[in-house]
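**Q**
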Amino acid sequence: MSFPLKNILCAIDFSTPSSMALDYGTKLSRHFNSRLLIFHAVCAPSSQIYGTPLAERFRERKGAMEEAAAKIRARMGEPDIEWEPLVIFGDPMEGIFKLARERRPDLVIAGSYGLSGIGRMICGTLVERMARNLSLPLLVIEPTSPKALAYKFPLFSRILVGADIPETGASPKTIDAALFLANAFGAQLRIVHAMTSPMEKRLLNPAEMSYSKQEQMLQERLRQRFKERLPQAAREAKILCFAGPSGEVLSDYARIWPADLLVVGIRPRGLIEKLIRGSTTEEVIRHAPCPVLVIPEGLKQQKSKREEKGNG
Numbered sequence: 000m001s002f003p004l005k006n007i008l009c010a011i012d013f014s015t016p017s018s019m020a021l022d023y024g025t026k027l028s029r030h031f032n033s034r035l036l037i038f039h040a041v042c043a044p045s046s047q048i049y050g051t052p053l054a055e056r057f058r059e060r061k062g063a064m065e066e067a068a069a070k071i072r073a074r075m076g077e078p079d080i081e082w083e084p085l086v087i088f089g090d091p092m093e094g095i096f097k098l099a100r101e102r103r104p105d106l107v108i109a110g111s112y113g114l115s116g117i118g119r120m121i122c123g124t125l126v127e128r129m130a131r132n133l134s135l136p137l138l139v140i141e142p143t144s145p146k147a148l149a150y151k152f153p154l155f156s157r158i159l160v161g162a163d164i165p166e167t168g169a170s171p172k173t174i175d176a177a178l179f180l181a182n183a184f185g186a187q188l189r190i191v192h193a194m195t196s197p198m199e200k201r202l203l204n205p206a207e208m209s210y211s212k213q214e215q216m217l218q219e220r221l222r223q224r225f226k227e228r229l230p231q232a233a234r235e236a237k238i239l240c241f242a243g244p245s246g247e248v249l250s251d252y253a254r255i256w257p258a259d260l261l262v263v264g265i266r267p268r269g270l271i272e273k274l275i276r277g278s279t280t281e282e283v284i285r286h287a288p289c290p291v292l293v294i295p296e297g298l299k300q301q302k303s304k305r306e307e308k309g310n311g
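In this text, residue positions in the sequence shown follow numbering that gives the first Met the number 0: the first is 0, and each later residue adds one.
Listed below in structure tokens is the structure:
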């Protein structure tokens with residue numbers, strides 16, 4: 000996977016989560032000598048419903064956009080990186096997608112508010128919608144994460160990557176991205192596979208050995224099989240297999256190790272599958288104790304063709 004990081008797009012709304020996302024974007028841009036694009040969307044302060052004159056609405060919009068750009072410049076000061084403020088008027092999701100098509104950044108960074116319960120059911124979160132639909136690598140910063148609260152350089156010293164078993168399709172893009180960052184920051188790398196169905200029926204023979212012993216045998220068998228199918232560079236990492244739901248396994252191990260970055264893949268899924276099983280990636284974004292890097296698997300090329308067809 001090519002992961003050049005020449006252009007990084009950071010979405011901000013001047014909240015604490017987005018402020019931390021901007022700090023990560025600045026540090027990554029400095030480390031990789033990247034251009035940092037800082038995006039902010041201004042929403043309408045007044046409505047045509049209440050009879051606000053068109054000229055006044057235009058002045059309000061222009062003033063709000065200028066104020067936002069000034070806040071970005073004040074926040075950045077005089078950094079030693081190449082950067083550009085991108086302030087628009089309108090819906091932030093539409094703006095992000097438009098910029099993604101036009102500027103084609105190598106990475107998008109956003110802060111998560113960490114909504115839960117009723118709030119998440121009603122409105123979801125912007126970063127989860129971005130992860131599902133953006134078709135670009137997305138780095139999500141959760142402000143309540145202990146690792147995010149104490150970020151220092153190097154940003155990442157322990158990187159954890161979640162991967163599928165080889166038979167169902169390994170995650171080369173995800174693993175390659177983790178390898179790239181581990182090499183760039185001199186970080187330790189661990190690869191974890193979560194087995195949702197840990198036992199093979201032909202192994203179930205209580206007379207021969209206990210359930211736990213059979214589970215350990217299967218884990219080792221899958222670990223060896225998985226290791227043989229990985230790129231040579233990834234085989235040097237510690238490879239682990241655990242039983243349990245993927246999102247829970249990855250978040251728990253990221254907390255136990257502990258990791259500075261959790262890398263996961265995301266694939267296009269049908270509506271019924273989403274309703275029944277949910278999304279491992281979204282669960283990780285909600286519960287991981289560290290920043291999460293989401294890598295699209297088998298999604299970017301398909302979407303690019305549709306976009307090119309629509310633009311033709």
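Yeah, the Cβ is synthetic: ideal placement off N, Cα and C, and Gly gets one too.
These figures come from a predicted structure and were not determined experimentally.
(1) Using the rule of at least 16 other Cβ atoms within 10 Å of the residue's Cβ for burial, across every protein chain shown, is Leu-292 buried or exposed?
(2) Skipping 5 residues on each side, what residues in its chain have a beta carbon closer than 7 Å to that of Val-248?
(3) If you follow the beta strand (DSSP E) that Asn-32 is part of, which residue opens it and which one closes it?
(4) Give me the Cβ distance between Lys-5 and Ser-33, rounded to the nearest whole Å; I'm assuming they're in contact under 8 Å.
(5) Mind the definition here: the stretch 251 to 266 touches the stretch 223 to 233 only if three or more C-beta pairs lie below 8 Å; say whether that holds.
(6) On the three-state DSSP scale, how would you describe Ile-95?
(7) Buried or exposed for Glu-81, please, with buried defined as at least 16 other CB atoms from any protein chain shown within 10 angstroms of its CB.
(8) What is the C-beta distance between Val-312 and Ala-10, in whole angstroms, given that I count them as a contact (C-beta under 8 Å)?
(9) Please name the residue or residues paired with His-286 in a DSSP beta bridge.
(10) Please list, in chain order, all residues of the same chain as Met-198 whose beta carbon is under 6 Å from its beta carbon, the five residues on each side excluded.
(11) Using only the alpha-carbon positions, how far apart do Ser-211 and Gly-243 sit?
(12) Any idea what DSSP makes of Cys-9, helix, strand or coil?
(13) Just to confirm the assignment: which complete alpha helix (DSSP H) runs, minimum length 4, are found wholly within the stretch 168 to 197?
(14) So, are the CB atoms of Ile-174 and Asp-259 less than 8 Å apart?
(15) Within 10 angstroms of the Cβ of Arg-131, are there 16 or more other Cβ atoms? Answer buried if so, exposed if not.
**A** Reading from the atomic positions:
(1) buried
(2) Val-191, Ala-193 and Phe-241
(3) Careful: Asn-32 lies outside any beta strand (DSSP E) and carries neither H nor E.
(4) 6 Å
(5) no
(6) helix
(7) Classification of Glu-81: exposed, given that the 10 Å Cβ count is below 16.
(8) What is shown of the chain runs 0 to 311, which leaves residue 312 out entirely.
(9) Paired residue(s): none; His-286 is not in a bridge.
(10) Low confidence applies to Met-198: its pLDDT is 49, below 50, so where it sits in the model is not reliable, and the reading given next is rough at best. Same-chain partners within the cutoff: there are none.
(11) 14 Å
(12) strand
(13) 171 to 184
(14) no
(15) buried
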